[in-house]
Amino acid sequence: DQQVKQNSPSLSVQEGRISILNCDYTNSMFDYFLWYKKYPAEGPTFLISISSIKDKNEDGRFTVFLNKSAKHLSLHIVPSQPGDSAVYFCAAMHQGAQKLVFGQGTRLTINP
Amino acid sequence: ETGVTQTPRHLVMGMTNKKSLKCEQHLGHNAMYWYKQSAKKPLELMFVYSLEERVENNSVPSRFSPECPNSSHLFLHLHTLQPEDSALYLCASSGLGAGANVLTFGAGSRLTVL
C-alpha cells in the first residue's frame, strides 16, 4: 500500500515558465510534508517543507501548497531554470515517528 | 569532511559474497537511517537508529544486517544477497524531536548483485 504517490513520472517545462509537481497521500496521520530534489549520482537534498497547520509555504522561487481535505500537495517552481532539472521526491511523516515515507519521484526537465 | 559520506560508491558482488556498506555523518545528528531505492520505486525505509538503538526494522530480510557502533557511523552488512537486491542504498541522518523532520542524505552506494 503506497501511502505517498506521485502519479507523474516525468514533466517537461520551458525555461522561465512555472513547474507544478503534484503529490497525493492517503494516511491522515501525516502532519509534515517535504520535497526533496535529487541530481544523478547524488543523494536527495531537502528543498522545502510544510506543516499541516499551514496551507502554503514559500521560499524564493519555490512554493509548496497543502490541501488537507484532498490529501494533496504541490510544489510550484517559478520561474523554472535549467538547474532545476532533477528528480523531485515528495515525502510525508507523522512528526516524532522518525519515519519519512517517500513517493516514487517525478523527473523534471527544464528546456531552454 | 562534511555532511553524510557513504563508501563505497559502487559495489559489485556475487550472491555468496559478504560485504559491508559504510556511512559516516559529521553533522552531530543522533539518528541514522538506511533507505533502498530501486528503479521506478519510492525510497523504501529499511532501518532507523536513534541514539545508537535500532528503533525501526521495516520487514527487511535477514541477509541485510545493520550496525550502529556510535552516533556518527552506520554500517549495512550484506551476505548471500539476491540479484533483486541490486539498488541504490542511501544513508541519512537527522536530529531528534523536531530535528527529525529533515533528513540529510549521503550520495548513496550503488550495489549490483550478480
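Chains as they are written, first to last, in the working numbering: chain A, 17 to 128; chain B, 68 to 181.
The C-beta atom is built at its ideal place from N, Cα and C for all residues, glycine as well.
Keep in mind it's a predicted model, so treat the numbers as computed, not measured.
Pick from the options: whose alpha carbon is nearest that of residue i?
i, options, result
"SER44 (chain A)", "A:VAL29, A:ASP75, A:HIS110, A:ILE126", "A:HIS110"
"ALA57 (chain A)", "B:PRO109, B:GLN104, B:LYS108", "B:GLN104"
"ASN137 (chain B)", "B:CYS90, B:LEU143, B:VAL127, B:GLU119", "B:GLU119"
"SER65 (chain A)", "A:PHE105, A:ILE126, A:VAL94, A:ASP100", "A:PHE105"
"LYS87 (chain A)", "A:SER101, A:PRO98, A:ASN73, A:ASP47", "A:ASP47"
"LEU93 (chain B)", "B:GLY166, B:SER176, B:TYR156, B:SER161", "First, the residue type needs correcting, since residue 93 (chain B) is His and not Leu in the sequence shown. With distances taken between Cα atoms, HIS93 (chain B) lies closest to B:SER161."
"GLN149 (chain B)", "B:HIS77, B:LYS85, B:CYS90", "B:LYS85"
"LEU116 (chain A)", "B:ALA98, B:HIS77, B:GLN73", "B:ALA98"
"CYS90 (chain B)", "B:LEU163, B:LEU78, B:HIS77, B:GLN73", "B:GLN73"
"TYR116 (chain B)", "A:LEU27, A:THR122, A:ALA113", "A:ALA113"
Grab the span of the beta strand (DSSP E) containing residue i for me, first residue to last.
i, result
"LEU181 (chain B)", "It is not in any beta strand (DSSP E) - LEU181 (chain B) carries neither H nor E in the DSSP assignment."
"GLN111 (chain A)", "Unbroken run through GLN111 (chain A): none, as it is neither H nor E."
"MET82 (chain B)", "No beta strand (DSSP E) holds MET82 (chain B); DSSP gives it neither H nor E."
"ALA98 (chain B)", "98–104"
"ILE64 (chain A)", "61–67"
"ILE36 (chain A)", "35–41"
"ALA154 (chain B)", "154–161"
"ASP75 (chain A)", "72–75"
"PHE81 (chain A)", "78–83"
My understanding is that residue i touches residue j, with C-beta atoms under 8 Å, so please give their C-beta distance in whole angstroms.
i, j, result
"LEU145 (chain B)", "PHE131 (chain B)", "6 Å"
"LYS108 (chain B)", "GLN120 (chain A)", "6 Å"
"VAL95 (chain B)", "THR171 (chain B)", "One point to set straight first is that residue 95 (chain B) is Gly, not Val, in the sequence displayed. Not really, about 11 Å apart at Cβ, beyond 8 Å."
"TRP101 (chain B)", "PRO133 (chain B)", "6 Å"
"LEU89 (chain A)", "VAL29 (chain A)", "About 18 Å; that fails the 8 Å criterion."
Check the Cβ-Cβ distances between residue i and every residue of chain A, and say whether any is below 7 Å.
i, result
"PRO133 (chain B)", "no"
"LEU78 (chain B)", "no"
"VAL127 (chain B)", "no"
"PRO75 (chain B)", "no"
"PHE142 (chain B)", "no"
"GLY166 (chain B)", "no"
"LEU110 (chain B)", "yes"
"LEU157 (chain B)", "yes"
"VAL115 (chain B)", "yes"
"GLY173 (chain B)", "yes"
Quick one: is residue i near chain B, going by C-beta distance under 7 Å?
i, result
"TYR41 (chain A)", "no"
"PRO60 (chain A)", "yes"
"GLY32 (chain A)", "no"
"GLN19 (chain A)", "no"
Compare the C-beta of residue i with all C-beta atoms of chain C and state if any pair is closer than 7 Å.
i, result
"GLN114 (chain A)", "In the displayed structure, chain C is absent; the protein chains listed are A and B."
Hey, residue i and residue j: beta-carbon distance below 7 Å or not?
i, j, result
"TYR41 (chain A)", "ALA108 (chain A)", "yes"
"GLY81 (chain B)", "LEU178 (chain B)", "no"
"PHE81 (chain A)", "VAL169 (chain B)", "no"
"TYR156 (chain B)", "SER139 (chain B)", "no"
"SER96 (chain A)", "SER35 (chain A)", "yes"
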